[in-house]
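Engineer:
Numbering (my numbering), first residue to last: 4 to 304.
As structure tokens, this is what we get:
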């Protein structure tokens, strides 16, 4: 498996990683060695710039993670006059997709605002909403703007749930590093619409991975991804000591339960490092595992 790579900010004025940070990446490395699939991890302390990376630039099938950069492109497209968040789009048969979300049950021809579609695409991982937005923007436009955002290893090659193209070997890919960089851009308000995008991410309704590992008092804005052979979660966590980005991607998996538990465990380890026991103690290990195993193995985005 190799070992976790620990990086730090280029700034020489920032402190060196402490022993607790070193212990964190050792614990993460232990979890990686015992995980039966393949993992990609990117964790960045947004105050110190300290970073833990493992397979951070390895390509993974993005599943629903691709919806995060699509949202970012949509907000940039509004500024460019390409579309308006207040315009409405018709529900078309060709864009309906199985899986996550309920828009596929909407009456054909009914109209939904772009703003509502963005919200559903992220918080409910609605596949039909994603296809409607992608169709409105155009696939080439989306890919060009992925590159403009610096997402050099993220692509959009097929519509959501286009199984025919997937069976032909055409896939959407991303990396933990790309997702982490995008989340940090949103956190730092470097993108148009960053504040609104962050609020949408905080409204995530699928909370069976990263969110399980953090205390309920903390805020987390995140996006999940799930499909055959891929299970992911990426987000920004707001802790009492420092906010941080955490991205955990997995593939080569036989079921969803093991990778979901793995993602939750990595999240728990990170939260344990960032916790201030005098303010918001991280959950006891016993309560964490009780909560974890009470979750179902549902197929969600």
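Glycine included, C-beta positions come from ideal geometry on N, C-alpha and C.
(1) Just reading off the alpha helix (DSSP H) that residue 262 is part of, what are its end residues?
(2) What does DSSP give as the partner residues of residue 222 in its beta bridges?
(3) Just checking residue 165 against the ligand MN - is the residue's beta carbon closer than 7 Å to any of the ligand's heavy atoms?
(4) List, from N- to C-terminal side, the alpha helix (DSSP H) runs of 4 residues or more that fit wholly inside the segment 178-216.
(5) Kindly provide the ranges of any alpha helix (DSSP H) runs that are 4 or more residues long and lie completely inside the segment 58-82, ordered along the chain.
(6) DSSP three-state label for residue 37, please.
(7) Count the other CB atoms, across all protein chains shown, that sit within 10 Å of the CB of residue 231; report buried if there are 16 or more and exposed otherwise.
(8) Grouping DSSP H, G and I as helix and E and B as strand, with all else coil, what is residue 230?
(9) By alpha-carbon positions, which one of 278, 120, 234 and 259 ends up nearest to residue 243?
(10) How is residue 148 classed by DSSP in three states: helix, strand or coil?
(11) At what residues does the beta strand (DSSP E) containing residue 92 begin and finish?
(12) Got a sec? Which residues, its chain only, sit under 6 Å from residue 190 by beta carbon, not counting five neighbours each side?
(13) Between residue 34 and residue 175, what straight-line distance do the alpha-carbon atoms span, to the nearest angstrom?
(14) First and last residue of the beta strand (DSSP E) that includes residue 253?
Structural biologist: So, from the data block:
(1) For the purposes of this step, residue 262 is taken as residue 259 along the chain shown, with counting starting at 1. Start and end: 260-277.
(2) Within the chain shown, numbered from 1, the residue matching residue 222 stands at position 219. Per DSSP, 241.
(3) The ligand MN is absent from the structure shown, which contains no ligands of any kind.
(4) Runs of alpha helix (DSSP H) with 4 or more residues, each lying fully within the segment 178-216, are found at 179-190 and 197-205, listed in chain order.
(5) Qualifying alpha helix (DSSP H) stretches, in chain order: 70-82.
(6) By one-based count along the chain shown, residue 37 stands at place 34. Of the three classes helix, strand and coil, the one that applies to residue 37 here is coil, per DSSP.
(7) The residue labelled residue 231 in the question sits at position 228 within the chain shown. Burial call: exposed.
(8) For the purposes of this step, residue 230 is taken as the residue at position 227 of the chain shown. Annotated three-state conformation of residue 230 is strand, per DSSP.
(9) Here residue 243 refers to the residue found at position 240 of the chain shown. Measuring from the Cα of residue 243, the nearest candidate turns out to be 278.
(10) As a working note, residue 148 is residue 145 in the chain shown. Taken through DSSP and simplified to helix, strand or coil, residue 148 comes out as helix.
(11) Working through the chain shown from its first residue, we reach residue 92 at position 89. Residues 91-93.
(12) For the purposes of this step, residue 190 is taken as residue 187 along the chain shown, with counting starting at 1. Answer for residue 190: 239, listed in chain order.
(13) In the chain shown, residue 34 corresponds to position 31, counting from 1. In the chain shown, residue 175 corresponds to position 172, counting from 1. C-alpha separation (whole angstroms): 27 Å.
(14) By one-based count along the chain shown, residue 253 stands at place 250. Residues 246-254.
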